[in-house]
Every structure is written in C-alpha cells, then in structure tokens.
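Trainee: Sharing a structure with you now.
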Amino acid sequence: MDLEDLYELIPQMQCRGGCRLCCVEFGVPSMTPLEAERLDRFLQSHGMEKRYAAGTTCPYVGENGCTIYPVRPLICRLYGNSPNYLCKVGARPVRLLTEDEEAEIFHYYYSEFAGGRR
Ligand code: SF4
Ligand code: SF4
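Written out as structure tokens, the structure is:
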C-alpha cells in the first residue's frame, strides 16, 4: 500500500460552497516527512514558494480554497469524513467512515508512512 492507496480509503466529500473554515481556523495541518516531500515537489513543479504559517491559518489556503489540493496531507482529507473530525458547518460525505475505519487509517498512516511517529 502506498500513500495514495491509503488516501483512497477516505471518501470524497463536497464542502459547502466557498467554505474555508477549517483551513483558516483549526490550525496548521500536520504532515509526515513523506507528505512534506510530496508538497515540496509540487511547489517546485508549480513555481510556488514554500510558505510558513502565522497563527492558526494554514499558509496554503487561498481565496478559492486549498492551493495545494492534490498533495494536501491526510488530516485534511480526513476532516469532515470521520467521526472524530466532523465538519463544523454540517457538510457530510455520502458515507461517514466508522471509528474502526478511522483508527485503521491512522494505524497505517503512522506505522507505514511516519516511521511509527505520532
Ligand atoms: S470541511 Fe466543512 S468547515 Fe472545512 S471547508 Fe469543508 S465545509 Fe468548510
Ligand atoms: S493544506 Fe489545503 S486543505 Fe489542508 S488546511 Fe491547508 S489549505 Fe486547507
């Protein structure tokens, strides 16, 4: 299983039109070294600069949403899709992950892609 396979276990969800609340208010997303490398390559290939956060707003949120969407880290993909990360404005995926599925995804994420680090 590679990182993309893991991401594919997470349902796609449709955010409320124009909403960027979690990207602006809920802190800067954590990412594993592997995700950071993917982000660096994406920035380089798109002629974008690395950005650093000020306060709780993700440095990659733009006027129209995420500017690094294809390489956003797992926590951003999980948000709104799992029982412990419900969307605060009520957007829901077609099917919410179960707690067991969420735990399994985190287990693989930390054991396979973060060297066991949490
Ligand atoms: S997950 Fe919810 S809070 Fe976050 S951007 Fe989407 S609709 Fe807004
Ligand atoms: S990486 Fe993208 S989806 Fe994740 S918090 Fe930042 S702007 Fe939002």
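Residues 0 to 117 in numbering that gives the first Met the number 0 are what the sequence shown spells out, letter by letter.
The C-beta atom is built at its ideal place from N, Cα and C for all residues, glycine as well.
Please read all numbers here as calculations on a predicted model, not as lab measurements.
Measure the C-alpha to C-alpha separation of Lys49 and Ile104 and round it to an integer number of angstroms.
Mentor: If I take the Cα positions, the gap works out to 28 angstroms.
Trainee: Thinking Pro72 and Glu98 are a contact (beta carbons under 8 angstroms), I'd like their distance in whole angstroms, please.
Mentor: Wrong, their Cβ atoms sit about 21 angstroms apart, outside the cutoff.
Trainee: Per DSSP, Cys65 forms a beta bridge with which residues?
Mentor: In DSSP, Cys65 forms a bridge with Val60.
Trainee: Does any CB atom of chain B fall closer than 9 angstroms to the CB of Glu7?
Mentor: The structure shown contains no chain B, having only a single protein chain.
Trainee: Could you check whether the Cβ of Tyr68 sits closer than 8 angstroms to any heavy atom belonging to ligand 2?
Mentor: Checking every heavy atom of ligand 2 against the Cβ of Tyr68, one is found closer than 8 angstroms.
Trainee: On a Cα-Cα basis, can you pick out the residue from Cys75, Arg91, Arg94 and Pro69 that is closest to Phe41?
Mentor: Looking at the Cα atoms, Pro69 is the closest of the given residues.
Trainee: Let me make sure I understand the geometry here. Which of Glu111, Asn63 and Tyr78 has the alpha-carbon closest to that of Gly16?
Mentor: Checking every option, the nearest Cα to that of Gly16 belongs to Asn63.
Trainee: My output table needs one value for Ala35: the three-state DSSP class, helix, strand or coil.
Mentor: If DSSP states are grouped into helix, strand and coil, Ala35 belongs with the helices.
Trainee: I'd like to confirm the pairing. Which residues does DSSP put opposite Ala53 in its beta bridges?
Mentor: Answer is Thr56.
Trainee: Just verifying my parser: in three-state terms, what is the DSSP assignment at Cys13?
Mentor: Note that residue 13 corresponds to Gln in the displayed sequence, not to Cys. The answer is coil: DSSP assigns Gln13 none of H, G, I, E or B.
Trainee: Expressed to the nearest angstrom, what Euclidean distance is found between the alpha-carbon atoms of Val23 and Arg76?
Mentor: Cα-Cα distance, rounded: 15 angstroms.
Trainee: Under 8 angstroms by Cβ, that's how I've got Val88 and Thr55 pegged, so tell me the actual separation to the nearest angstrom.
Mentor: Between Thr55 and Val88 the Cβ distance is about 17 angstroms, and since that is not below 8 angstroms, they are no contact.
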